[in-house]
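Okay, so here's the structure we're looking at.
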Amino acid sequence: MLKGIKVRLDPTPSQERMLLSHAGAARFAYNFMLGMVKAAIAGRVGWFVWSKAQLRRVWNSWKPEVAPWSAGNSKEAYSYGVECLANALKNWADSKNGKRKGRKVGFPKYRTRSRHMKFAYTTGSFGLIKGDPKALKLPRIGRVHCFEDMEKRVGDGRVLRMTVSYCAGAWYASLTVEYPDPVVAKKTDGGTVGIDLGIKTLATCSDGTVIDNPKHYKRNERKLRKASKRLSRRVQGSNRWKKALLAVQKAQAKTAAQRQDAINHATTMIATTYDTIVIEDLNVAGMKRNRHLAKAISDAAFGEFRRQLAYKCLNSGATLIVADRWYPSSKTCSRCGTVKAKLSLADRVFVCDNLSCDYAREGVDRDWNAAVNLEHYVAPSAVGDAKRARRNRKTTSPQQAGNAGPVETRTKQNSLMAVS
Numbered sequence: 019m020l021k022g023i024k025v026r027l028d029p030t031p032s033q034e035r036m037l038l039s040h041a042g043a044a045r046f047a048y049n050f051m052l053g054m055v056k057a058a059i060a061g062r063v064g065w066f067v068w069s070k071a072q073l074r075r076v077w078n079s080w081k082p083e084v085a086p087w088s089a090g091n092s093k094e095a096y097s098y099g100v101e102c103l104a105n106a107l108k109n110w111a112d113s114k115n116g117k118r119k120g121r122k123v124g125f126p127k128y129r130t131r132s133r134h135m136k137f138a139y140t141t142g143s144f145g146l147i148k149g150d151p152k153a154l155k156l157p158r159i160g161r162v163h164c165f166e167d168m169e170k171r172v173g174d175g176r177v178l179r180m181t182v183s184y185c186a187g188a189w190y191a192s193l194t195v196e197y198p199d200p201v202v203a204k205k206t207d208g209g210t211v212g213i214d215l216g217i218k219t220l221a222t223c224s225d226g227t228v229i230d231n232p233k234h235y236k237r238n239e240r241k242l243r244k245a246s247k248r249l250s251r252r253v254q255g256s257n258r259w260k261k262a263l264l265a266v267q268k269a270q271a272k273t274a275a276q277r278q279d280a281i282n283h284a285t286t287m288i289a290t291t292y293d294t295i296v297i298e299d300l301n302v303a304g305m306k307r308n309r310h311l312a313k314a315i316s317d318a319a320f321g322e323f324r325r326q327l328a329y330k331c332l333n334s335g336a337t338l339i340v341a342d343r344w345y346p347s348s349k350t351c352s353r354c355g356t357v358k359a360k361l362s363l364a365d366r367v368f369v370c371d372n373l374s375c376d377y378a379r380e381g382v383d384r385d386w387n388a389a390v391n392l393e394h395y396v397a398p399s400a401v402g403d404a405k406r407a408r409r410n411r412k413t414t415s416p417q418q419a420g421n422a423g424p425v426e427t428r429t430k431q432n433s434l435m436a437v438s
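Numbering (our numbering), first residue to last: 19 to 438.
See below:
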């Protein structure tokens, strides 16, 4: 099992200059080899394969001529730049040939100092220092102090890779650590829960628990707007511009850290409380096309919520089920199973179209109704079943949650605010 560990570094001024030099070396190797690839396409130099190994061989043959100063940095920095270019070219080729899903990937561009300050170690003696838990060893740079006990965080794992990056005025080390695969017993005492994700409330559980949406970006938006306005009034490249840029970066990093912490609290609680968890397969990219809700949807970070929940369920022994994207959890009545013809985003109370249903008279919270439907979701046994369900969803009612057992009554909602 692989696990990522990120820690902030505390380098001395001389070490920071070396870190900048290594990041520049990785960027130089990337840009030089990208120029060679473009020259090969234009026919100015001989053709060569764009594999990682071949790009590295071409770089090593040119290195004494174009980078006579290369001995001042670790060879790992240059290898990282070449590796990044090989991955970028592969992603572009796969996207162009239809082998890569998602948004279309463009041809690699030259990297600038303002956007790419990163390098990595994969070979050599790097990582933890025995007897010195609050430090990391970086070849050619030496012992670099860090703010956490790394022996405690890494434990009995083996460090495979260490990536050093610069963000918002601080240096960080991200370690890829290998651990033995844990033997986790399947949980059987937590029950099943359906979770409906939303903007007003981040997550609504079918047992009545509500996780409020902290809306960190909206909270910090005024401060970020003020910092951005100050940056726009500075002369680009001046010292005052650099100072204002750092203020903007710190504000953005703080918002991202607060959001990450809140989602960590929420997903940990869910993964350790329940044994079976059912969530929606949301089309987040499509939802963000709505210009009125794009900012709020991005701030909620549904994709990050699902990513964290997936690996935490794996570690805790819980089972995560992702409902089919076309399953009408919001439009289906959790009491009688009737599917509404229309349900707009403005309708926060679900009123059933079946006049004989209790929810037709009093209504019920829209998010909780969807969460109950997800709790009783039955996953298709095969791809063919899923296709038939989508084809017949307009004429056939889905699984009627209320008919699976005794009629359910709504429990009192418990509010959980997951903030940093």
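Built from N, CA and C at the ideal position, the CB exists for glycine as well.
key: Nearest neighbour of residue 47, chosen from 60, 81 and 66 [CA to CA]   = Within the sequence shown, the letter at position 29 stands for residue 47. Residue 81 is the option with its Cα nearest to residue 47.
message = Does residue 74 come out as helix, strand or coil in the three-state DSSP assignment?
response = Mapped onto the sequence shown, residue 74 falls at position 56. If DSSP states are grouped into helix, strand and coil, residue 74 belongs with the helices.
inquiry  = If I measure Cβ to Cβ from residue 248 and keep anything under 6 Å in the same chain, skipping five residues before and after, which residues do I get?
reply    = As a first step, residue 248 must be located in the sequence shown, where it is residue number 230. Sequence-distant Cβ neighbours of residue 248 in its own chain, meaning closer than 6 Å and more than five residues away, are 262.
message = So, does the segment 274-292 touch the segment 200-213, judging by three or more C-beta pairs under 8 Å?
response = Judged by Cβ distances under 8 Å, the segment 274-292 makes contact with the segment 200-213, as three or more pairs qualify.
query = How many Å lie between residue 29 and residue 162 at the Cα?
reply = Numbered from 1 along the sequence shown, position 11 holds the residue referred to as residue 29. Numbered from 1 along the sequence shown, position 144 holds the residue referred to as residue 162. Roughly 6 Å between the two C-alpha positions.
task = Indicate whether the contact test is met: 3 or more Cβ pairs, each with one atom in the segment 363-373 and one in the segment 345-355, closer than 8 Å.
result = The segment 363-373 is in contact with the segment 345-355.
inquiry  = According to DSSP, is residue 68 part of a helix, a strand, or is it coil?
reply    = The residue given as residue 68 occupies position 50 in the sequence shown. In the structure shown, residue 68 sits in coil (DSSP, three-state: anything other than H, G, I, E or B).
inquiry  = Can you tell me whether residue 145 is buried or exposed? The criterion is at least 16 other CB atoms within 10 Å of its CB, across all chains shown.
reply    = On the sequence shown, residue 145 is found 127 positions in, with the first residue counted as 1. Residue 145 sits buried, since 16 or more C-beta atoms from the chains shown fall within 10 Å of its C-beta.
inquiry  = With the cut-off set at 9 Å, would you say residue 392 and residue 298 are in Cβ contact?
reply    = Along the sequence shown, one-based indexing puts residue 392 at 374. Along the sequence shown, one-based indexing puts residue 298 at 280. For residue 392 and residue 298, yes; Cβs fall inside 9 Å.
request  = Could you tell me the distance, in whole angstroms, from the CA atom of residue 302 to the CA atom of residue 284?
outcome  = The sequence position of residue 302 within the sequence shown is 284, counting from 1. The sequence position of residue 284 within the sequence shown is 266, counting from 1. When rounded, the distance between both Cα atoms is 19 Å.
query = Considering only residues of the same chain and omitting the five flanking positions on each side of residue 224, which have a CB-CB separation below 6 Å?
reply = For this step, residue 224 is matched to residue 206 along the sequence shown. Within the same chain, residue 224 has close Cβ partners 211, 212, 389, 390 and 393.
task = Decide if residue 201 is buried, meaning its Cβ has at least 16 other Cβ atoms within 10 Å, or exposed.
result = Your numbering for residue 201 matches position 183 in the sequence shown. Classification of residue 201: exposed, given that the 10 Å Cβ count is below 16.
ask   = Once you ignore the five residues that flank residue 412 on each side, which residues in its own chain have a CB closer than 8 Å to its CB?
value = As a working note, residue 412 is residue 394 in the sequence shown. Residue placement at residue 412 is flagged as unreliable, the pLDDT there being 41, under the threshold of 50; the coordinate-derived value follows with that caveat. Taking C-beta separations shorter than 8 Å and ignoring five residues to either side along the sequence, residue 412 has no partners in its chain.
message = Closest to residue 317 by C-alpha separation, out of 288, 83 and 276, would be which residue?
response = The count along the sequence shown starts at 1 and reaches residue 317 at position 299. Checked all of 288, 83 and 276; the closest Cα to residue 317 is 276.
inquiry  = At the level of alpha carbons, what is the spacing between residue 97 and residue 87?
reply    = In the sequence shown, residue 97 corresponds to position 79, counting from 1. In the sequence shown, residue 87 corresponds to position 69, counting from 1. So the alpha carbons of these two residues sit roughly 15 Å apart.
task = Entirely within the segment 244-321 and at least 4 residues each: give me those alpha helix (DSSP H) ranges in chain order.
result = Listed in chain order, the complete alpha helix (DSSP H) runs (minimum 4 residues) inside the segment 244-321 are 257-291, 302-305 and 312-318.
message = Measuring straight from C-alpha to C-alpha, what distance separates residue 66 and residue 117?
response = Position 48 of the sequence shown, counted from the start, is the residue given in the question as residue 66. Position 99 of the sequence shown, counted from the start, is the residue given in the question as residue 117. Their backbone Cα atoms lie some 22 Å apart in a straight line.
ask   = How many Å lie between residue 199 and residue 336 at the Cα?
value = Residue numbering aside, residue 199 sits at position 181 when the sequence shown is read from its first letter. Residue numbering aside, residue 336 sits at position 318 when the sequence shown is read from its first letter. Residue 199 and residue 336: Cα-Cα distance of roughly 16 Å.
query = Which ranges does the beta strand (DSSP E) cover as unbroken runs of at least 3 residues, wholly within the segment 134-184, from first to last along the chain?
reply = Within the segment 134-184, the runs of beta strand (DSSP E) at least 3 residues long that lie entirely inside it are, in chain order, 136-139, 145-147, 150-156 and 160-164.
Beta-bridge partners of residue 192, as assigned by DSSP = By one-based count along the sequence shown, residue 192 stands at place 174. Secondary-structure assignment with DSSP links residue 192 through a beta bridge to 24 and 181.
inquiry  = Using only the alpha-carbon positions, how far apart do residue 73 and residue 112 sit?
reply    = Here residue 73 refers to the residue found at position 55 of the sequence shown. Here residue 112 refers to the residue found at position 94 of the sequence shown. In a straight line, the C-alpha of residue 73 is about 18 Å away from that of residue 112.
message = For residue 214 and residue 379, what's the separation of their Cα atoms in angstroms?
response = Looking up residue 214 in the sequence shown gives position 196. Looking up residue 379 in the sequence shown gives position 361. Cα to Cα, the separation comes out at about 23 Å.
ask   = For residue 367, which option in 358, 385, 350 and 376 has the closest C-alpha, if you only look at C-alpha atoms?
value = Looking up residue 367 in the sequence shown gives position 349. Residue 385 is the option with its Cα nearest to residue 367.
message = According to DSSP, is residue 212 part of a helix, a strand, or is it coil?
response = Locating residue 212 in the sequence shown gives position 194, where the first residue counts as 1. Three-state result, residue 212: strand.
ask   = Exposed or buried, what is residue 387 when buried is set at 16 or more other beta-carbons lying within 10 Å of its beta-carbon?
value = Within the sequence shown, the letter at position 369 stands for residue 387. Buried: at least 16 other Cβ atoms inside 10 Å.
request  = Compare the Cα-Cα distances from residue 18 to each of 395, 132 and 68 and report the closest residue.
outcome  = This structure does not reach residue 18, given that the chain is present from 19 up to 438, and the question cannot be answered.
request  = Buried or exposed for residue 137, please, with buried defined as at least 16 other CB atoms from any protein chain shown within 10 angstroms of its CB.
outcome  = One-based indexing of the sequence shown puts residue 137 at position 119. Buried is the call here.
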